[in-house]
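Colleague:
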Amino acid sequence: MKRESIGQTFKVAFGLCAVCSIIVSSAAVLLRGKQNEKKELDKQKNILIAAGLYDENAKAVRFDETLHKDVKIADMFSQDASSERPWIETKIINLKTGEEIDSQVEQQIKERFPKGYDQRKASRIAKEEWSEPVDSATDVARIKRRENYSYVYLVHGAQGKLEQVILPIRGYGLWSTLWGFIALDANLTTIRGITYYEHGETPGLGGEVDNPDWKASWNRKQAFDPQGDVKIHLIKGRVRPGSDDAKYEIDGLSGATMTSNGVTRMLRYWLGPDGFGPYLNRLKNRSTKK
Amino acid sequence: MTMTEPKAKETLFEPVFNNNPIALQVLGICSALAVTTKMQTALVMAIAVTVVVAFSSASVSLIRHYIPSSIRIIAQMTIIASLVIVVDQFLRAFLFDVSKQLSVFVGLIITNCIVMGRTEGYALKHDPKMSFLDGIGNGLGYSLILIVVAFFRELLGSGKLFGQTVLATTTQSGLYVPNGLMLLAPSAFFLIGLFIWALRTWKPEQVEEA
Numbered sequence: 001m002k003r004e005s006i007g008q009t010f011k012v013a014f015g016l017c018a019v020c021s022i023i024v025s026s027a028a029v030l031l032r033g034k035q036n037e038k039k040e041l042d043k044q045k046n047i048l049i050a051a052g053l054y055d056e057n058a059k060a061v062r063f064d065e066t067l068h069k070d071v072k073i074a075d076m077f078s079q080d081a082s083s084e085r086p087w088i089e090t091k092i093i094n095l096k097t098g099e100e101i102d103s104q105v106e107q108q109i110k111e112r113f114p115k116g117y118d119q120r121k122a123s124r125i126a127k128e129e130w131s132e133p134v135d136s137a138t139d140v141a142r143i144k145r146r147e148n149y150s151y152v153y154l155v156h157g158a159q160g161k162l163e164q165v166i167l168p169i170r171g172y173g174l175w176s177t178l179w180g181f182i183a184l185d186a187n188l189t190t191i192r193g194i195t196y197y198e199h200g201e202t203p204g205l206g207g208e209v210d211n212p213d214w215k216a217s218w219n220r221k222q223a224f225d226p227q228g229d230v231k232i233h234l235i236k237g238r239v240r241p242g243s244d245d246a247k248y249e250i251d252g253l254s255g256a257t258m259t260s261n262g263v264t265r266m267l268r269y270w271l272g273p274d275g276f277g278p279y280l281n282r283l284k285n286r287s288t289k290k
Numbered sequence: 001m002t003m004t005e006p007k008a009k010e011t012l013f014e015p016v017f018n019n020n021p022i023a024l025q026v027l028g029i030c031s032a033l034a035v036t037t038k039m040q041t042a043l044v045m046a047i048a049v050t051v052v053v054a055f056s057s058a059s060v061s062l063i064r065h066y067i068p069s070s071i072r073i074i075a076q077m078t079i080i081a082s083l084v085i086v087v088d089q090f091l092r093a094f095l096f097d098v099s100k101q102l103s104v105f106v107g108l109i110i111t112n113c114i115v116m117g118r119t120e121g122y123a124l125k126h127d128p129k130m131s132f133l134d135g136i137g138n139g140l141g142y143s144l145i146l147i148v149v150a151f152f153r154e155l156l157g158s159g160k161l162f163g164q165t166v167l168a169t170t171t172q173s174g175l176y177v178p179n180g181l182m183l184l185a186p187s188a189f190f191l192i193g194l195f196i197w198a199l200r201t202w203k204p205e206q207v208e209e210a
């Protein structure tokens, strides 16, 4: 068959595509296990970063003002009976009621997610036992569906005292959904830190959500106003430290209006009544009852 | 064959100084700007590009007698794109932190002119073994530039090499005031320009006729 004939063209095209697809899909499937391992570790690392318990430059766990290179990231998620080091307790809560899940839901989760509850997957299951659609008026973060149950991470310090509450957040920016964590102080209104572990925003523009200096500026800002409404937001330009509202404001990302708005909106959603609002209220009531 | 087959050693080392893809052919500059703020990312990128060029050239060369002219470019693109995806998957599985820092630039290797430049300009006319060596050679040339630029940008821009502090900066109670320009993309352009100048002073035969 001549090289330039239509038959040859089709043969080569199909053959090439077949071979390439097999190679690419094999690589993806075979490496998926390892990739997920790394992703999970990265997520845990980001929870520690949001809580200020991990030094990104030194690549080590940090608490009590010192680096602890011997402590592994995974170790921080279980309590060490012998030492007083801070640790992170993982819980799953019902977003609508703000209560921790009961044993019935635990069983439901174990059956559907034998490898552990996957919040991201759950949000895509179009069944009311797992998630519900968010109507467009409320969906400021453009997440479309909200899972019924969410992880929350409680940071315990010395004597088991609750020090921080870390909440998973997500929302749409310009090109992608940004996935991250926000850490609130035990008073449930002061922000300790924020971090994004996954996003596809433009490097140098929206991608500046990864800038350590910008992330550090969230420390000690106030998420809610005295009336309990979400007031934290990104402004256009730089925050003037002396102004009245400075404690509710974060520097906008230069050249990244859509991403900046996305960050503001996702916080308004997740810290509000449709997100973790019920949970935070329950925590507040429980602590004032004591 | 009317001319003798070029020696393997020549094919491998020519592109390092005598026919450098960035300094003489002026290809693949874009990624040289983005990933050279740190030596670690530059090194990983250099290895990734070298692997892609070498294997793409070898693969294209293997089927060079069967590709119809009408789908020549698309066929090369398919091979290059598949290889880049595989490399990306490997990075995500084994070097997760670095792959996050490289973010979109690994995928952009597909658009790196060096890769297609070699498959189109060399692999279609030579056998797989020589094409593979040519790919490695051009990869080495590209890597040289990347590493040199990253060396200066990381050292002068943040006082570090491979993340280890070499010149303690003023924020670390040292004496060195970091050169902020080195952390911005244009500095890579300047450094490449200086490199080309130095290279052409050493090898005047590379200077183009005005």
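Chains as they are written, first to last, in my numbering: chain A, 1 to 290; chain B, 1 to 210. The beta-carbon is built from N, C-alpha and C at its ideal position, and this holds for glycine as well. Here the structure is a predicted model, which is why all the values come from computation and not from measurement.
With 16 as the cutoff for other CB atoms within 10 Å, does A/F14 come out buried or exposed?
Modeller: Taking the first sequence and counting its residues from 1, the one referred to as residue 14 of chain A is at position 14. Exposed.
Colleague: So A/Y205 and A/Y149 are supposed to be a Cβ contact under 8 Å. How far apart are they, rounded?
Modeller: Against the first sequence, residue 205 of chain A aligns to sequence position 205. Against the first sequence, residue 149 of chain A aligns to sequence position 149. Checking the sequence shown, residue 205 of chain A turns out to be Leu, not Tyr. Between A/Y149 and A/L205 the Cβ distance is about 34 Å, and since that is not below 8 Å, they are no contact.
Colleague: Considering only residues of the same chain and omitting the five flanking positions on each side of B/A185, which have a CB-CB separation below 8 Å?
Modeller: Within the second sequence, residue 185 of chain B is the residue found at index 185, counting from 1. Taken in chain order, the residues that qualify are L33 and A34.
Colleague: Show which residues of chain B have a CB atom less than 9 Å away from the CB atom of A/P212.
Modeller: Position 212 of the first sequence, counting from 1, holds the residue named residue 212 of chain A. By Cβ distance, chain B contributes nothing, its closest Cβ being about 12 Å from A/P212, past 9 Å.
Colleague: Whose Cβ in chain B lies nearer than 8 Å to the Cβ of A/Q44?
Modeller: If you number the first sequence from 1, residue 44 of chain A lands on position 44. Ordered by position in chain B, no residue passes the 8 Å Cβ test against A/Q44, which lies about 12 Å from the chain.
Colleague: What residues in the segment 84-95 of chain B bring their beta carbon closer than 8 Å to a beta carbon of chain A?
Modeller: So the list reads I85, V86, Q89, F90, R92, A93 and F94, given in the order they occur along the chain.
Colleague: Using DSSP's beta-bridge definition, name the partner residues of A/N94.
Modeller: Counted from its first residue, the first sequence places residue 94 of chain A at position 94. The partner list for A/N94 (beta bridge, DSSP) reads A/Y149.
Colleague: In chain order, what residues of the segment 59-72 of chain B put their CB closer than 8 Å to some CB of chain A?
Modeller: Per Cβ criterion, the list reads I63, H65, Y66, I67, P68, S69, S70 and I71.
Colleague: For B/M1, which residues in the same chain have their Cβ closer than 7 Å to its Cβ, ignoring the five residues on either side in sequence?
Modeller: To locate residue 1 of chain B, count along the second sequence from 1; it is residue 1. Because the pLDDT at B/M1 is just 44, under 50, the model does not fix this residue reliably, and the value given afterwards should be weighed accordingly. Cβ within range, chain order: n/a, list empty.
Colleague: If you compare alpha carbons, which of B/R118, B/S59, B/A75 and B/I85 is closest to B/L20?
Modeller: Counted from its first residue, the second sequence places residue 20 of chain B at position 20. In the sequence on display, residue 20 of chain B carries Asn and not Leu. Nearest of B/R118, B/S59, B/A75 and B/I85 to B/N20, Cα basis: B/R118.
Colleague: Could you work out which residues of chain B lie near A/T138, taking near to mean beta carbons separated by less than 8 Å?
Modeller: For this step, residue 138 of chain A is matched to residue 138 along the first sequence. Result: empty, since nearest Cβ-Cβ is about 32 Å, beyond 8 Å.
Colleague: Taking three-plus beta-carbon pairs below 8 Å as touching, is the segment 246-261 of chain A in contact with the segment 168-177 of chain A?
Modeller: Output reads yes: the segment 168-177 of chain A touches the segment 246-261 of chain A.
Colleague: For B/Q212 and B/I85, I'd like the C-alpha separation in whole angstroms.
Modeller: Any property of residue 212 of chain B remains undetermined from this structure, which presents chain B solely from 1 to 210.
Colleague: Tell me, please, which residues DSSP counts as bridged to A/T66.
Modeller: Working through the first sequence from its first residue, we reach residue 66 of chain A at position 66. Paired residue(s): A/F63.
Colleague: Closer than 9 Å by beta-carbon distance: list the chain A residues that pair up with B/A75, in chain order.
Modeller: For this step, residue 75 of chain B is matched to residue 75 along the second sequence. Within 9 Å Cβ-Cβ: V12, A13 and L16.
Colleague: Between A/K34 and chain B, is any beta-carbon pair separated by less than 8 Å?
Modeller: Within the first sequence, residue 34 of chain A is the residue found at index 34, counting from 1. It does: the Cβ of A/K34 has a partner Cβ on chain B nearer than 8 Å.
Colleague: Between the beta-carbon of B/F132 and the beta-carbon of B/A58, is there less than 8 Å?
Modeller: Working through the second sequence from its first residue, we reach residue 132 of chain B at position 132. Working through the second sequence from its first residue, we reach residue 58 of chain B at position 58. Against a cut-off of 8 Å, the Cβ pair of B/A58 and B/F132 comes out as a contact.
Colleague: Indicate whether the contact test is met: 3 or more Cβ pairs, each with one atom in the segment 264-281 of chain A and one in the segment 82-101 of chain A, closer than 8 Å.
Modeller: Yes, the segment 264-281 of chain A is in contact with the segment 82-101 of chain A.
Colleague: Please confirm whether A/K72 has its beta-carbon closer than 8 Å to some beta-carbon of chain B.
Modeller: As a position in the first sequence, residue 72 of chain A is number 72, starting the count at 1. Not an interface residue.
Colleague: Would you list, in sequence order, the uninterrupted beta strand (DSSP E) runs of no fewer than 3 residues that lie entirely inside the segment 79-145 of chain A?
Modeller: DSSP runs (the beta strand (DSSP E)) wholly in the segment 79-145 of chain A: 87-94 and 131-133.
Colleague: With A/Y151 and A/T90 assumed to form a contact (beta carbons below 8 Å), what rounded beta-carbon distance in angstroms separates them?
Modeller: Translated into positions along the first sequence, residue 151 of chain A becomes position 151. Translated into positions along the first sequence, residue 90 of chain A becomes position 90. With 8 Å as the limit, A/Y151 and A/T90 qualify as a contact, their Cβ atoms being about 6 Å apart.
Colleague: Does any residue of chain A bring its CB to less than 8 Å from the CB of B/S31?
Modeller: If you number the second sequence from 1, residue 31 of chain B lands on position 31. It does not; no Cβ of chain A falls within 8 Å.
Colleague: Quick one: is B/V106 near chain A, going by C-beta distance under 8 Å?
Modeller: As a working mapping, residue 106 of chain B is identified with position 106 in the second sequence. Not one chain A Cβ lies under 8 Å of B/V106.
Colleague: From A/R192, A/P168 and A/Y196, pick the residue whose C-alpha is nearest to that of A/L178; which is it?
Modeller: Here residue 178 of chain A is taken as the residue at index 178 of the first sequence, counted from 1. Among A/R192, A/P168 and A/Y196, the Cα nearest to that of A/L178 belongs to A/Y196.
Colleague: Who are the neighbours of B/I79 on chain C, taking C-beta pairs under 8 Å?
Modeller: No chain C appears in the structure shown, which is made up of the protein chains A and B.
Colleague: If we require 4 or more residues per run, which alpha helix (DSSP H) segments fall completely within the segment 73-125 of chain B?
Modeller: Segments of the alpha helix (DSSP H) lying fully in the segment 73-125 of chain B: 96-102, 104-107 and 113-121.
Colleague: So, at 8 Å on beta carbons, what are the nonlocal neighbours of B/Y176 in its own chain, with the 5 sequence-adjacent residues on each side left out?
Modeller: Here the question's residue 176 of chain B lines up with position 176 in the second sequence. Result list for B/Y176: G159, L167, A168, T169 and T170, in chain order.
Colleague: Have a look at B/V27 and A/R240 and give me their C-alpha separation to the nearest angstrom.
Modeller: Translated into positions along the second sequence, residue 27 of chain B becomes position 27. Translated into positions along the first sequence, residue 240 of chain A becomes position 240. Note that residue 27 of chain B corresponds to Leu in the displayed sequence, not to Val. Rounded to the nearest angstrom, the two C-alpha atoms are 45 Å apart.
Colleague: Any idea if A/L253 is buried or exposed, counting beta-carbon neighbours within 10 angstroms, 16 or more meaning buried?
Modeller: Looking up residue 253 of chain A in the first sequence gives position 253. Per the 10 Å Cβ criterion, buried.
Colleague: Hey, would you say A/I232 sits closer than 8 Å to A/K215, going by beta carbons?
Modeller: Here residue 232 of chain A refers to the residue found at position 232 when the first sequence is read from its first residue. Here residue 215 of chain A refers to the residue found at position 215 when the first sequence is read from its first residue. No, these two residues do not count as a Cβ contact at 8 Å.
Colleague: Assuming B/A23 contacts B/F195 (C-beta within less than 8 Å), just tell me the rounded distance between them.
Modeller: Mapped onto the second sequence, residue 23 of chain B falls at position 23. Mapped onto the second sequence, residue 195 of chain B falls at position 195. The Cβ separation is near 6 Å, so the contact holds.
Colleague: Rounding to the nearest angstrom, what Cα-Cα distance links A/V19 and A/P133 in this structure?
Modeller: Taking the first residue of the first sequence as 1, we reach residue 19 of chain A at position 19. Taking the first residue of the first sequence as 1, we reach residue 133 of chain A at position 133. Cα to Cα, A/V19 sits roughly 40 Å from A/P133.
Colleague: To which residues does DSSP link A/P168 through a beta bridge?
Modeller: Counting from 1 along the first sequence, the entry for residue 168 of chain A is found at position 168. According to DSSP, which records beta bridges pairwise, A/P168 is partnered with A/F181.
Colleague: Would you list, in sequence order, the uninterrupted alpha helix (DSSP H) runs of no fewer than 4 residues that lie entirely inside the segment 178-225 of chain A?
Modeller: For the segment 178-225 of chain A, whole alpha helix (DSSP H) runs of length 4 or above, ordered along the chain, are 212-216.
Colleague: For a quick check, are the C-beta atoms of B/N138 and B/V44 less than 8 Å apart?
Modeller: Walking along the second sequence from the start, residue 138 of chain B turns up at place 138. Walking along the second sequence from the start, residue 44 of chain B turns up at place 44. It is not a contact, given that the beta carbons lie outside the stated cut-off.
Colleague: Using only the alpha-carbon positions, how far apart do A/S78 and A/Q104 sit?
Modeller: Counting from one through the first sequence, the residue named residue 78 of chain A turns up at place 78. Counting from one through the first sequence, the residue named residue 104 of chain A turns up at place 104. Going from the Cα of A/S78 to the Cα of A/Q104 covers about 24 Å.
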